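Only one structure is covered here, and it is reproduced in the block below.
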Amino acid sequence: MGNSKRLTQSILHTIAASNRLGWLEKPPASVGEGIPAITFHDYMAMCLYDERDGYYKSGRVRIGKEGDFYTSSAIGSIMGGKLAGYAAKLAGGQSRAVTIMEWGAGTGALAQQMLAALDGIEENGTVPAWLADARWVLVDGNPVHLDEARSRLAGRLSGSAGPALAFMTPEEAEAELGRSGEDRFTIVIANELLDAMPVHRVVKRGGALRELGVAAAEAGPDAPGTEMAGSLAGLIDGGAGSDFRYVHMPLSDERIAAALHRDGVRLREGQIMEVNMNAERWIAKLGGLIRRGCLMLIDYGHEAAELAGPHRMQGTLLCYKNHVARDEPLLDPGGQDMTAHVNFTACMAAGAAAGWRRRYYGTQKQFLVDEGLLSELADHDGTNPFGEAAKRNRAIRQLLLSDAMSETFKVLALDK
């Protein structure tokens, strides 16, 4: 049995055993009636993080040309260099030992770029003391990604004057912070991490907030609570060949409604929005583990008002496979990436509640400009379009002139 089929059966078994019930259009008249279902959040979590067959756990490299998506670090070294400079400004002059921890490090491309940029930093002809004594930790839940990162950075694992490298799972990294977070100045960099966390999908229906759940496709129109309105046909159907279908459910966590209220969100009738409670919990957890440091979040996203705008009636959730985006999350479980735009209003609120202060917030494009990228456009004779200066200039222009990634991509730095 293939990974996707095996995971499908596992999800169907979980749905059948669930004590949660959903409906297609009207809530059942009697308590205990409805369709067995799980929240979309739990479905997404199984698709991405099932220990055996989940997208990020199934033993494949998921980033770059051979994967299903590109990250900003996979496109060029520009962002890595600017993040390195920003980290150096934060770390320089610290009386505490410094840890730089990249959470969701993937195959180590960003770490390689940042370390290469830091190679050129010297004070009085020597490596700065903070850098020589620093600890650089790459964190990823995909074991194949960690193996690739070790191979990529093998030349730095011994005999290097730079920081000591370590490779950890998220659980190991949290334990590391529990031991050292009080004593060290810790810079956590999360590049396209939050948008891969499972989300709750919320819809306003009949004036009330409901959560989208996932049920078995075979739950037919004769089941209680399955009087389906024509306007919902596209939503309820999981797609041709899907073993699943959407249902409505009561909110699984009262904090979902509280988060929307806090962020000033008032959904329109029929509007869907993703709520990433995992991101808020992660930011809060790091706030409890780190006494002094900075948390840098780089991700696709917007503030809450933009995410809840009238032009976003279906939310922002998308799937990626072979670099092609599609809106069919109930197909191919474990075989495609799922992502939703990050709500940076929620991130800032969660950070403030956990003791973080906002240090910087803006688009990736503005961050690069603020860090002096325009001054790096190099003069060259133009006779060799494949020369290093010409290639770097093209990469800079791509980042600065793009109306897609650099505008949708945001940088949020929180410190304490």
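For what it's worth, our numbering labels the leading residue of the sequence shown as 2, then goes sequentially. Glycine included, C-beta positions come from ideal geometry on N, C-alpha and C. Every value quoted in this text rests on a predicted model; they were computed, and no experiment measured them.
Assuming contact is defined by CB atoms lying nearer than 9 Å, are residue i and residue j in contact in what I supplied?
i       : j       : result
Cys-348 : Ile-188 : no
Ala-191 : Asp-338 : no
Ala-414 : Tyr-362 : yes
Glu-149 : Arg-292 : no
Asn-344 : His-303 : yes
Met-250 : Arg-211 : yes
Ser-11  : Asp-43  : no
Val-200 : Leu-374 : no
Gly-94  : Asp-141 : no
Straight-line CA distance for residue i to residue j?
i       : j       : result
Ala-396 : Lys-58  : 32 Å
Thr-409 : Ala-341 : 12 Å
Ser-159 : Met-45  : 40 Å
Glu-52  : Asp-300 : 25 Å
Gly-82  : Ala-30  : 60 Å
Pro-334 : Arg-185 : 41 Å
Tyr-71  : Leu-111 : Unreliable positioning characterises Tyr-71 in this predicted model, as indicated by a pLDDT of 47, which lies under 50. A coordinate reading is not provided.
Ala-258 : Lys-366 : 33 Å
Glu-377 : Leu-298 : 24 Å
Gly-352 : Gly-288 : 7 Å
Trp-137 : Ile-79  : 20 Å
Thr-170 : Ile-39  : 27 Å
Glu-307 : His-262 : 15 Å
Asp-223 : Arg-151 : Here Asp-223 scores only 48 on pLDDT, less than 50, and its place in the model should not be relied on; the value that follows carries that caveat. Roughly 55 Å separates the two Cα atoms.
Arg-153 : Gln-114 : 11 Å
Ala-234 : Gly-271 : Interpretation of Ala-234 is limited by its pLDDT of 40, a score under 50 that renders its predicted location unreliable; the figure taken from the coordinates is listed afterwards. Between Ala-234 and Gly-271, the C-alpha separation is close to 13 Å.
For residue i, count the other beta carbons within 10 Å of its own beta carbon; 16 or more makes it buried, fewer makes it exposed. Which is it?
i       : result
Ala-326 : exposed
Ala-230 : Low per-residue confidence applies at Ala-230: pLDDT is 36, beneath 50, and the placement is therefore not dependable, though the value from the model is reported in the following sentence. It is exposed - the Cβ of Ala-230 has fewer than 16 other Cβ atoms within 10 Å.
Asp-371 : exposed
Ser-90  : A small fix is needed here, since residue 90 is Lys in this sequence, not Ser. With fewer than 16 Cβ atoms within 10 Å of its Cβ, Lys-90 is classed as exposed.
Lys-6   : exposed
Leu-402 : exposed
Glu-34  : exposed
Gly-411 : A quick correction: the sequence has Lys, not Gly, at residue 411. Buried is the call here.
Asn-4   : buried
Asn-323 : exposed
In the DSSP assignment, the beta strand (DSSP E) including residue i goes from what residue to what residue?
i       : result
Met-198 : Neither: Met-198 is in no beta strand (DSSP E) and is coded neither H nor E.
Pro-37  : 36–40
Ile-273 : 273–276
Glu-212 : 209–217
Trp-131 : Here Trp-131 belongs to no beta strand (DSSP E); instead the alpha helix (DSSP H) covers 130–133.
Ala-167 : 165–169
So the alpha helix (DSSP H) residue i belongs to, where does it begin and stop?
i       : result
Thr-187 : Unbroken run through Thr-187 is the beta strand (DSSP E), 186–192; no alpha helix (DSSP H).
Ala-18  : 4–18
Val-145 : 144–153
Arg-267 : Note, Arg-267: premise wrong, no alpha helix (DSSP H); not H, not E.
message: For a minimum of 3 consecutive residues, which ranges assigned as the beta strand (DSSP E) are wholly contained in the segment 283–323?
response: Given a length threshold of 3 residues, each whole run of the beta strand (DSSP E) inside the segment 283–323 is given here in chain order: 293–303 and 319–322.
task: Entirely within the segment 331–395 and at least 3 residues each: give me those beta strand (DSSP E) ranges in chain order.
output: Entirely contained in the segment 331–395, the beta strand (DSSP E) runs reaching 3 residues are, in chain order, 338–340 and 358–364.
Alpha helix (DSSP H) runs wholly inside the segment 76–111, at least 4 long, in chain order: The segment 76–111 contains, as complete alpha helix (DSSP H) runs of 4+ residues, the segments 79–92 (chain order).
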